[in-house]
Structures are given as structure tokens and as C-alpha cells.
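Trainee: Numbering (our numbering), first residue to last: 325 to 716. I'd like to ask you about the structure that follows.
Here is the structure:
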């Protein structure tokens, strides 16, 4: 029998994360490829989830999420970014931010619509667009002296009469860019001019460094009524396996999101919603400690990579470093990010991700390699030790 995989998924194959993790496991490498912590989340949330199980909260939650969690999300979001939302009509709890992205596209867009998306991009974006039957229009974040930025003319040129949405991710994975107010204002102006919505993935909203400030495009004039804000408890509280995300949007957009969500997953784990609510209501100190730790890991890994010959632009947000690898790869006789990322687990005992997988034209990302620093101090120290030994 020939393959039965739907044609819309054939371009994607196995994710690059699976390939690199398999290599890491084969060679017992320190895994800095996948973006999740190697330590546990706060006891406060786990204890609340355990209590919810013991108290009998083990059946389906309401489709939009438990009222307690939606109220906690509303308060958290108002504190974090100044976005006000009605918990009952404007907030939907999803199975992680990724389901929120899928539900938003399936519920609000039609086949043939176009979506402006910045690249490099989180790989699920393109798969979600394929499921929705929409056409991506890519705008590249080009390397600058100290970060990455889009070109104004390229951005404007991506919009046309078929554009129905722009997909934003700030703080950005994998570049670590935090979009400036001016950059967001330019995007907002184009949304208003072309009467399209903004889908704003803000899962790294609290993971910021060196005084960087996250601003949600939903707070800009004219944008609250046309913006879907997506976020998650997983990245903020080191509980990625819980898959507790949410979508915040005006009621007219929330109706479409919920139409899709109810037939994707209907609801997410009830006890974990209780745990997430406890963290959002009382976990501010935990976030402060976590970001302080990440700041140290960012500095340690960034400095070490620079010493080894990588060109490092330290991220202002998220927990990834996108480093140019040419000086290192040239010495090894390697040509691309994929070559280096296949070499690293075997010869250095460290796994990373080739960012070419996050570009519509893979060659645009072949000069970079992505490392995740959301790890314990011991993990980062061991990765640095191995890299120094391999490149000595």
C-alpha cells in the first residue's frame, strides 16, 4: 500500500526536533535542541493540580476553560501587558498555545486567504496554515548588528487584497527579538489599512533580559478589536507537558476560535487547569526566579559560544541563542547548519537545532544554529565543557 498521508502534510515529514533528539539520544549528547526545561515547575502549581484530582475535578472542563482559570488569565494578562479581557466571552483555554494557533486559523480564516508570517518561524505555524488551507506570505527577519529586524518595504509588499491575518511572535523564537513599539505600530497600521487581524503569539512575554519590555500589539490604537493574543503557562512556569494555553480575543473573534476548538480538543485537562490558575494567581516570585536563572544561562552560553568562534547576538527575549556558525564550520569543513547539527552530537556530545527548518527558503537560515539555554546550570556547564573540548 502506498502512503496514505494527506498531501497537505507531505512537505513537512518528521520534525527537525525529532531528528536532533534522536541523534542526541544515540550519542548521549547534552540536548540543547528542544526548547523545554530539564527541571521541574513550581510546587505551588503541582500541589494545586494534585488537590484538584483528590477533590474530584476529573471530568471534562467547560469547553472555554474553567471559570477560575479564565479569571486568572484575565488578571495575569492585564498585569503583564495591559490587555483587558472579559474572562467569560473573550478568553478560551486551549491545549497549549499550538492548539490555540490551529483553532484561530481554522476558526477565523478560509481556504485561499493569505497570512503574513515572519521567518524564521515556529515550525507549527506552517503546518497549521496548511491545515487551514491558507497561503503564507513570508517576511524575513534579517540579521542586524545586534539582533534581527524586518525590512519595512518587504513587510508592506507582503500585504494585498487577499491578506486576512498577520502572525506575530514576540518575544521571538528563534531569534530572541522583542519587537519595538515602532515595529508593532508599522504592523498595526498595515492591519488597519488592509482590514485584517493580528494573531500575536506571546508565549515568551515574561522571559525578557536587560530591561527589554514586551508590548502587545493588542494595546495599540485600533488593534484590540482585531487581535488574537495567544500565550501559555508552559514556558512561563516550566510545565510544558501540561499543555495549558489560551487565546484572548474580542467576542466576535472568540466565537470563531471556540467553533474550531470545540471540535479539536473540546477542553484540556481539568486538574491541570486548577494548577495553572494557582500559578497565575500566586506565582509571580517563581517567574522572577526563573528569569534570573535564564539570564545567567544566557550569559554563560553566549560568552562560551563567542569564545569558540560563533557570532552571537544575545536574545532580548525567549530562551534561545541564534548563532552564526561559519567560522566554526569552515574549520571543520562543514557547509551548512544541518551538517554542523549532525556533527555536534557525535563529535562534541551536544545537540542543537538547524534553523534552516524555520525558513521558507532553507538556505536563508543555513548560516545559523540554535541553542536552547532553558536548562539547569549543570547542564549548561557540561555542554560548554564538551564544546570546548571538541573545538580545542
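Backbone N, C-alpha and C define an ideal beta-carbon position, used for all residues, glycine too.
1) If you measure between the beta carbons of residue 424 and residue 570, is that distance less than 9 Å?
2) In the DSSP output, what is residue 532 paired with across the bridge?
3) Is it right to say residue 466 is buried, meaning 16 or more other beta carbons lie within 10 angstroms of its own, or is it exposed?
4) Determine, using beta-carbon pairs with one atom in the stretch 443-456 and one in the stretch 612-619, whether at least three such pairs fall under 8 Å.
5) Look at the Cβ atom of residue 438, then the Cβ atom of residue 458, and state whether they are nearer than 9 Å.
6) Just curious, the beta strand (DSSP E) that residue 349 is in, first and last residue?
7) Along the chain, which unbroken stretches of the beta strand (DSSP E) at least 3 residues long are found entirely within the stretch 597-660?
8) Evaluate contact between the stretch 570-590 and the stretch 404-418, counting only Cβ atoms and requiring at least three cross-stretch pairs below 8 Å.
9) Can the beta-carbon of residue 619 be found closer than 9 Å to that of residue 533?
10) According to DSSP, is residue 501 part of a helix, a strand, or is it coil?
11) From what residue to what residue does the alpha helix (DSSP H) around residue 558 run?
12) Which same chain residues, not among the five before or five after residue 537, have their C-beta less than 7 Å away from its C-beta?
13) In angstroms with no decimal places, state the Cα-to-Cα distance between residue 559 and residue 527.
14) Less than 8 Å between the CB atoms is what I'm expecting for residue 500 and residue 630, so what's the real figure, rounded?
15) Nearest-angstrom Cα distance between residue 697 and residue 411?
16) What residue range is occupied by the uninterrupted beta strand (DSSP E) comprising residue 569?
17) From residue 434 to residue 390, what distance separates their C-alpha atoms?
18) Would residue 493 be called buried (16 or more neighbouring beta carbons within 10 Å of its own) or exposed?
19) Quick check: what's the CA-CA separation for residue 746 versus residue 568?
20) Do you know whose CA, among 595, 684 and 656, lies nearest residue 566's CA?
21) Given the structure, does residue 713 come close to the ligand NAD, in the sense that its CB is under 8 Å from one of the ligand's heavy atoms?
22) Name the DSSP beta bridge partners of residue 443, please?
23) So the candidates are 358, 650 and 468; which of them puts its Cα closest to the Cα of residue 343?
24) According to DSSP, is residue 478 helix, strand or coil?
25) Under a Cβ-count criterion, where at least 16 other Cβ atoms within 10 Å of its own Cβ denotes burial, should residue 503 be classed as buried or exposed?
26) Starting from the Cα of residue 703, find the closest Cα among 341, 361, 339 and 409 and give me that residue.
27) Could you check if residue 346 is buried or exposed, using at least 16 other CB atoms within 10 Å of its CB as the buried criterion?
28) Could you tell me which residues DSSP puts in a beta bridge with residue 522?
29) Cutting at 7 Å between CB atoms, please list the residues of its own chain near residue 666, excluding the five before and the five after it.
30) At 3 residues or longer, and completely inside the stretch 405-438: list those beta strand (DSSP E) runs for me, N to C.
31) How big is the Cα-Cα spacing for residue 660 and residue 638?
32) Smallest Cα separation from residue 470: which of 611, 636 and 574?
Mentor: Here's the rundown:
1) By one-based count along the chain shown, residue 424 stands at place 100. By one-based count along the chain shown, residue 570 stands at place 246. Taking 9 Å as the Cβ cut-off, residue 424 and residue 570 qualify as a contacting pair.
2) Locating residue 532 in the chain shown gives position 208, counting from the first residue. Residue 532 pairs with 641.
3) Taking the first residue of the chain shown as 1, we reach residue 466 at position 142. Residue 466 should be labelled exposed.
4) At 8 Å Cβ cutoff, the stretches do not touch.
5) Within the chain shown, numbered from 1, the residue matching residue 438 stands at position 114. Within the chain shown, numbered from 1, the residue matching residue 458 stands at position 134. The answer is yes: Cβ separation under 9 Å.
6) As a position in the chain shown, residue 349 is number 25, starting the count at 1. From DSSP, residue 349 is part of no beta strand (DSSP E) but of the alpha helix (DSSP H) over 340-350.
7) 644-648
8) yes
9) Translated into positions along the chain shown, residue 619 becomes position 295. Translated into positions along the chain shown, residue 533 becomes position 209. Yes. Within cutoff.
10) Counted from its first residue, the chain shown places residue 501 at position 177. Reduced to three states, the DSSP call for residue 501 is coil.
11) Numbered from its first residue, the chain shown carries residue 558 at position 234. Start and end: 557-561.
12) Taking the first residue of the chain shown as position 1, residue 537 is located at position 213. Within the same chain, residue 537 has no close Cβ partners at all.
13) Against the chain shown, residue 559 aligns to sequence position 235. Against the chain shown, residue 527 aligns to sequence position 203. Answer to the nearest angstrom: the Cα atoms are 7 Å apart.
14) Taking the first residue of the chain shown as 1, we reach residue 500 at position 176. Taking the first residue of the chain shown as 1, we reach residue 630 at position 306. With 8 Å as the limit, residue 500 and residue 630 do not qualify as a contact, their Cβ atoms being about 15 Å apart.
15) Position 373 of the chain shown, counted from the first residue, corresponds to residue 697. Position 87 of the chain shown, counted from the first residue, corresponds to residue 411. Taking the straight line from one Cα to the other gives about 34 Å.
16) Walking along the chain shown from the start, residue 569 turns up at place 245. Start and end: 568-572.
17) In the chain shown, the residue the question calls residue 434 occupies position 110. In the chain shown, the residue the question calls residue 390 occupies position 66. Computed Cα separation, rounded: 29 Å.
18) Reading the chain shown from its first residue, position 169 is the one you call residue 493. Its Cβ being crowded by 16 or more others within 10 Å, residue 493 is buried.
19) Residue 746 lies beyond the range of the chain shown here (325 to 716); nothing can be said about it.
20) Counted from its first residue, the chain shown places residue 566 at position 242. The closest CA to that of residue 566, considering only 595, 684 and 656, is found on 595.
21) This structure lacks the ligand NAD; in fact it carries no ligand of any kind.
22) Counted from its first residue, the chain shown places residue 443 at position 119. In the DSSP output, where bridge partners are listed per residue, residue 443 has 464.
23) Here the question's residue 343 lines up with position 19 in the chain shown. Cα-wise, what sits closest to residue 343 is 358.
24) Position 154 of the chain shown, counted from the start, is the residue given in the question as residue 478. In this structure, residue 478 counts as helix in the three-state DSSP scheme.
25) As a first step, residue 503 must be located in the chain shown, where it is residue number 179. The residue is buried, with at least 16 neighbouring Cβ atoms inside 10 Å.
26) In the chain shown, the residue the question calls residue 703 occupies position 379. Measuring from the Cα of residue 703, the nearest candidate turns out to be 361.
27) By 1-based counting over the chain shown, the position of residue 346 is 22. The residue in question, residue 346, is exposed, as its Cβ has fewer than 16 Cβ neighbours within 10 Å.
28) Sequence index remark: in the chain shown, residue 522 carries index 198 (1-based). Note: residue 522 sits in a beta bridge opposite 490 and 551.
29) Indexing the chain shown from 1 puts residue 666 at position 342. Counting only Cβ-Cβ distances below 7 Å, and skipping sequence neighbours, we find 347.
30) 415-419
31) Taking the chain shown and counting its residues from 1, one reaches residue 660 at position 336. Taking the chain shown and counting its residues from 1, one reaches residue 638 at position 314. Between residue 660 and residue 638, the C-alpha separation is close to 21 Å.
32) The residue given as residue 470 occupies position 146 in the chain shown. Nearest of 611, 636 and 574 to residue 470, Cα basis: 636.
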